[in-house]
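Participant: I have a structure here, written as C-alpha cells, and I will follow up with some questions on it.
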Amino acid sequence: MSKRVLTTESGAPVADNQNSATAGVGGPILLQDQHLLEKLARFNRERIPERVVHARGSGAYGYFEVTDDVTGFTKADFLSQVGKRTETFIRFSTVADSLGGADAVRDPRGFALKFYTEEGNYDLVGNNTPVFFIKDPIKFPDFIHSQKRDPFTGKQEPDNVWDFWAHAPEATHQITWLMGDRGIPASYRHMNGYGSHTYQWTNAQGEAFFVKYHFKTNQGIRSLSSDQAAELVGKDANSHQTDLLQAIERGVNPSWTLYVQVMPAAEAADYRFNPFDLTKVWPHSDYPLQRVGRLVLDRNPDNVFAEVEQAAFSPNNFVPGIGPSPDKMLQGRLFAYADAHRYRLGVNHTQLAVNAPKATEADNYGRDGLMATRNGRRSDKNYEPNSYAGPSQTDAALSAPLAIAGWTGTHAAPSHVKDDDFFQAGELYRLMSDDEKSRLIANIAGGLSQVSRDDVIEKNLAHFHAADAEYGKRVEEAVRALRED
Ligand code: HEM
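Reminder that position 159 of the sequence shown reads as 159 in UniProt numbering, one-by-one numbering, no gaps.
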C-alpha cells in the first residue's frame, strides 16, 4: 500500500507536523506557517451547539421490515407489502443532561427513527415512555429549564424539578412511570420505544385512522436500580454507548417489533380519554396492539460527529399516508425541530449524508444558503411554476383532512369523560407488584425529600394522594421519615 501523505486542507503536502515554523531557532512563530494557523483555527471551531435537550446520544443504521399487512389503515409505500425493507437510522438519547453527562441516569430516553423511504424520509421522533410530562408546548421551555442546570448554582436542583411538577398535576402519570422500575434502562437495547403522540394514518380510500406506535424490544426489558446506576456511572459514564457499539460490532443486532394501536377517526370525539392528550395512554383493552414489522440495527456509524451529532430528526417529516393529529404538543414540535436544526446545523442540514433522502432525491426550488452542496441541476430554474419541466406538485394530500370547529383563543385541551390528571397515574400504580411499589415510593421520596420548601412538597404530595390514596400516604410517610433523619 502506498504511504499516505499528510496534507493541508487544500491538499498540499505538509513538511513538518511536529515543529512550527519560527524566525530562527528559538525565535517567534512565522505567520506564514499555513499548516499551524489552519490547525489552530479549525480546532477552535470543532464544537457546534449541542442539542438543547437530548444532547447525549448514540446512533445506528439498520432496516425496517414489514411483517403484517396494514394497507387497510395506511397508504404509506414503505408499509405497503409484507417483506418490504426500508433503510433506517436511529438515535437514542438521554434528555436532561448536557453532552458531557452520563448515560445511566433516571431520565426518559429518546428513540428517534428515520426511515429512508422511496417517498422521502419519514421521521418518528419518540421516547421510551408512552406518555409525557405536559400536554401543551407553551410549557416546554419552562419544563426543561426546571430539569436542567439552575442558572445560579449551575447544577440540577431538586427544588426546581419538583417546583415545576408542583404546578403541573398532569405530570403525575409520567412521574410515576419515570420513578418506577423502567426509569433507568440498563441499555438502549433493553427498552421499548413509543411514538407517544397520536398520529394520523390515511389509507388509499382516503379513510383516516388515529394510531399510536409501540416498538417492543426483542432483547427483553432490563433496567437498573438507582444504586446499580450510580455505581455504573462511576465505572463507565458512556455505558449505553459502549453497549450499543459493542453489540453491533459483535454482530448481535438488536431488534424491536413494531405494533400499532389503531382508532378509526370517527371514534376519537367520544372516546373516554382525549386521544390527543400526550399525558394519557389508550388502554390495550380498548385498542389492542396490532403487529406491523421489525426494526433491526446492524451497522454502527463510521463517524460519531458526522452521523450522530449532525443527525436531524423532525416530527413533521411525513410521507403520504401518515400525518399529524391535533395533539397540541405534537403541533408545537412540528415547528421546533427544523428550527433547532437551522440554528444548530444550518439551513442546508438536509444535504448532510445522514439526513438526505437515500431512496429518492429531494427536488425543489429551495436554493443557496451556507454550505449548499446540492443546489439544483444544471440549468434548472429556481422558481415555480415555470415552462421548463421543473418539479411540480402532485395535488394529492399526504393525509386526510380533519374537521374543526369553534373559536380561536388560548384554550385548555378538551376534557373527555374519563379525563383528569390522576386516574391513569393511579391505574399504573395499582398495576405494580408490592416490590415495585416500594421501589417507586423510595425513588420519589429520595428526590422530593431534598426539596427545601414545605409548600412545594405539600403540592406534590397532593398529586400522589389524588392518584391513589395508598400511593399518596406511602409517599408522604417516606418523605417525612427521610426529612426527620
Ligand atoms: C412541545 C414539546 C417539545 C419540544 C418543543 C421539543 C423540542 C426539542 C428540540 C428543540 C430538540 C433538539 C433537536 C435538535 O437540536 O436536533 C428535541 C430533541 C428531541 N426530542 Fe423533543 N421536544 C418536545 C417534546 C418531545 C416529546 C414529547 C418527545 C417524545 C415523544 C420528544 C423527543 C425528542 C427526541 C427523541 C429528541 C432527540 C432527537 C435526536 O436524537 O436528534 N420531544 N426536542
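Even glycine gets a Cβ: it sits at the ideal position worked out from N, Cα and C.
Comparing the CB of Met-329 with every heavy atom of the ligand HEM, is any distance shorter than 7 Å?
Facilitator: Stepping through the sequence shown from its first residue, residue 329 is reached at position 329. Correct: Met-329 has its Cβ closer than 7 Å to the ligand HEM.
Participant: Contact check, Gly-321 vs Thr-74 under 8 Å by CB: the rounded distance?
Facilitator: As a position in the sequence shown, residue 321 is number 321, starting the count at 1. As a position in the sequence shown, residue 74 is number 74, starting the count at 1. With 8 Å as the limit, Gly-321 and Thr-74 qualify as a contact, their Cβ atoms being about 4 Å apart.
Participant: How about Tyr-213: is its Cβ closer than 7 Å to a heavy atom in the ligand HEM?
Facilitator: Indexing the sequence shown from 1 puts residue 213 at position 213. Result no, Cβ not under 7 Å from the ligand HEM.
Participant: Tell me whether Asn-127 counts as near the ligand HEM, meaning its Cβ is closer than 7 Å to at least one heavy atom of that ligand.
Facilitator: The residue you call residue 127 lines up with position 127 of the sequence shown. Result yes, Cβ under 7 Å from the ligand HEM.
Participant: What does DSSP give as the partner residue(s) for Gly-62 in the beta ladder?
Facilitator: Start at 1 with the first residue of the sequence shown, and residue 62 comes out as number 62. DSSP lists Thr-88, Leu-297 as partners of Gly-62.
Participant: Give me the residue from Pro-264, Asp-286, Gly-447, Val-296 with the minimum Cα distance to Lys-216.
Facilitator: Translated into positions along the sequence shown, residue 216 becomes position 216. The candidate whose alpha carbon is nearest that of Lys-216 is Val-296.
Participant: Round the Cβ separation of Phe-115 and Phe-78 to the nearest angstrom and send it over; I've been treating them as touching at under 8 Å.
Facilitator: Here the question's residue 115 lines up with position 115 in the sequence shown. Here the question's residue 78 lines up with position 78 in the sequence shown. Distance from Phe-115 to Phe-78 at the Cβ level is roughly 6 Å; contact confirmed, criterion being Cβ atoms closer than 8 Å.
Participant: His-197: beta carbon under 7 Å from a heavy atom of the ligand HEM?
Facilitator: Sequence index remark: in the sequence shown, residue 197 carries index 197 (1-based). His-197: yes, Cβ under 7 Å from the ligand HEM.
Participant: With the cut-off set at 8 Å, would you say Ser-223 and Arg-182 are in Cβ contact?
Facilitator: Locating residue 223 in the sequence shown gives position 223, counting from the first residue. Locating residue 182 in the sequence shown gives position 182, counting from the first residue. Contact: yes.
Participant: Residues in the same chain with beta-carbon distance under 6 Å from Phe-464, minus the five sequence neighbours each way, listed in chain order, please.
Facilitator: Along the sequence shown, read from residue 1 onward, the residue named residue 464 stands at position 464. So the qualifying residues of the chain are Tyr-471, Gly-472, Val-475.
Participant: Going by DSSP, name the residue or residues bridged to Ser-223.
Facilitator: As a position in the sequence shown, residue 223 is number 223, starting the count at 1. DSSP output for Ser-223 lists Pro-185 as bridge partner(s).
Participant: If you reduce the DSSP assignment to three classes, tell me which class Phe-464 lands in.
Facilitator: Numbered from 1 along the sequence shown, position 464 holds the residue referred to as residue 464. Of the three classes helix, strand and coil, the one that applies to Phe-464 here is helix, per DSSP.
Participant: Find the nearest neighbour of His-167 within the set Thr-67, Asp-142, Ala-186, Pro-151, judged by alpha-carbon distance.
Facilitator: Position 167 of the sequence shown, counted from the first residue, corresponds to residue 167. When each option's Cα is compared against that of His-167, the closest is Asp-142.
Participant: Count the other CB atoms, across all protein chains shown, that sit within 10 Å of the CB of Gln-261; report buried if there are 16 or more and exposed otherwise.
Facilitator: Counting from 1 along the sequence shown, the entry for residue 261 is found at position 261. Its Cβ being crowded by 16 or more others within 10 Å, Gln-261 is buried.
Participant: Please determine, among Ala-104, Thr-176, Phe-305, the residue with the shortest C-alpha to C-alpha distance to Gln-228.
Facilitator: Within the sequence shown, residue 228 is the residue found at index 228, counting from 1. Residue Ala-104 is the option with its Cα nearest to Gln-228.
Participant: Please specify which runs of the beta strand (DSSP E), each continuous and at least 3 residues long, are wholly inside the region 242-315, giving them in chain order.
Facilitator: Listed in chain order, the beta strand (DSSP E) elements of length 3 or more contained wholly in the region 242-315 are 255-264, 290-299.
Participant: Return the bridge partner residues of Asn-127 from the DSSP annotation.
Facilitator: Counted from its first residue, the sequence shown places residue 127 at position 127. BP columns for Asn-127 point to Gly-110, Tyr-194.
Participant: Considering only the alpha carbon of each residue, which of Val-417, Gln-219, Gly-346 lies closest to Asp-270?
Facilitator: To locate residue 270, count along the sequence shown from 1; it is residue 270. Ranking Val-417, Gln-219, Gly-346 by Cα distance to Asp-270 puts Val-417 first.
Participant: Sort out for me which residues DSSP pairs Trp-201 with in a bridge.
Facilitator: Numbered from its first residue, the sequence shown carries residue 201 at position 201. DSSP output for Trp-201 lists Phe-209, Ile-322 as bridge partner(s).
Participant: May I have the straight-line CA-CA distance separating Val-131 from Arg-45, to the nearest angstrom?
Facilitator: Here residue 131 is taken as the residue at index 131 of the sequence shown, counted from 1. Here residue 45 is taken as the residue at index 45 of the sequence shown, counted from 1. Rounded to whole angstroms, the gap between the alpha carbons of Val-131 and Arg-45 is 38 Å.
Participant: Tell me the DSSP secondary structure of Gly-83 in three-state form.
Facilitator: Within the sequence shown, the letter at position 83 stands for residue 83. In the three-state scheme derived from DSSP, where H, G and I count as helix and E and B as strand, Gly-83 is classed as coil.
Participant: What separation, rounded to the nearest whole angstrom, lies between the Cα atoms of Ile-184 and Ser-225?
Facilitator: Numbered from 1 along the sequence shown, position 184 holds the residue referred to as residue 184. Numbered from 1 along the sequence shown, position 225 holds the residue referred to as residue 225. Computed Cα separation, rounded: 7 Å.
Participant: Please classify Leu-440 as buried or exposed, where buried requires at least 16 neighbouring CB atoms within 10 angstroms.
Facilitator: Residue numbering aside, residue 440 sits at position 440 when the sequence shown is read from its first letter. Leu-440 should be labelled buried.
Participant: Would Asp-395 be called buried (16 or more neighbouring beta carbons within 10 Å of its own) or exposed?
Facilitator: Locating residue 395 in the sequence shown gives position 395, counting from the first residue. Exposed, by the Cβ-count rule.
Participant: Going by DSSP, what residues sit across from Thr-22 in a beta bridge?
Facilitator: Numbered from 1 along the sequence shown, position 22 holds the residue referred to as residue 22. Ile-29.
Participant: In the DSSP output, which residue or residues are listed as bridge partners for Ser-93?
Facilitator: Residue mapping note: residue 93 aligns to position 93 of the sequence shown, counting from 1. Beta-bridge pairing links Ser-93 to Gly-57, Gly-110.
Participant: Any heavy atom of the ligand PLP closer than 7 Å to the CB of Tyr-188?
Facilitator: You won't find the ligand PLP in this model; what it holds is the ligand HEM.
Participant: What are the residues that DSSP puts in a beta bridge with Arg-149?
Facilitator: Here residue 149 corresponds to residue number 149 of the sequence shown, with the count starting at 1. Paired residue(s): Gln-156.
Participant: List the residues that DSSP assigns as beta-bridge partners of Thr-7.
Facilitator: In the sequence shown, counting from the first residue as 1, residue 7 sits at position 7. In DSSP, Thr-7 forms a bridge with Pro-13.
Participant: Check whether the Cβ atoms of Ala-112 and Ile-248 lie closer than 8 Å to each other.
Facilitator: By 1-based counting over the sequence shown, the position of residue 112 is 112. By 1-based counting over the sequence shown, the position of residue 248 is 248. Contact flag unset, no.
Participant: Answer with buried or exposed for Ser-314, where buried requires no fewer than 16 other C-beta atoms within 10 angstroms of its C-beta.
Facilitator: Taking the sequence shown and counting its residues from 1, the one referred to as residue 314 is at position 314. Looking at its Cβ environment, which holds 16 or more other Cβ atoms inside 10 Å, Ser-314 is buried.
Participant: Ordered along the chain, which non-local residues of its own chain (more than five positions away) have a Cβ less than 7 Å from that of Leu-30?
Facilitator: Counting from one through the sequence shown, the residue named residue 30 turns up at place 30. Excluding residues within five positions, the ones whose Cβ falls inside 7 Å are Ala-21, Thr-22, Ala-23.
Participant: Counting Cβ pairs, one atom from each stretch, are 3 or more of them under 8 Å apart for the region 426-441 and the region 206-214?
Facilitator: Here the region 426-441 does not lie against the region 206-214, with fewer than 3 beta-carbon pairs under 8 Å apart.
Participant: Nearer than 7 Å: is that true of the beta carbon of Phe-115 relative to any heavy atom of the ligand HEM?
Facilitator: Position 115 of the sequence shown holds residue 115. Checking every heavy atom of the ligand HEM against the Cβ of Phe-115, none is found closer than 7 Å.
Participant: Enumerate in chain order the residues of its own chain whose CB-to-CB distance from Pro-326 is below 6 Å, with the five nearest sequence positions on each side excluded.
Facilitator: On the sequence shown, residue 326 is found 326 positions in, with the first residue counted as 1. Excluding positions up to five away in sequence, the list reads Phe-276.
Participant: State the Cα-Cα distance for the pair Thr-129 and Leu-37, rounded to the nearest angstrom.
Facilitator: Translated into the one-based positions of the sequence shown, residue 129 becomes position 129. Translated into the one-based positions of the sequence shown, residue 37 becomes position 37. Approximately 48 Å, taken between the alpha carbons.
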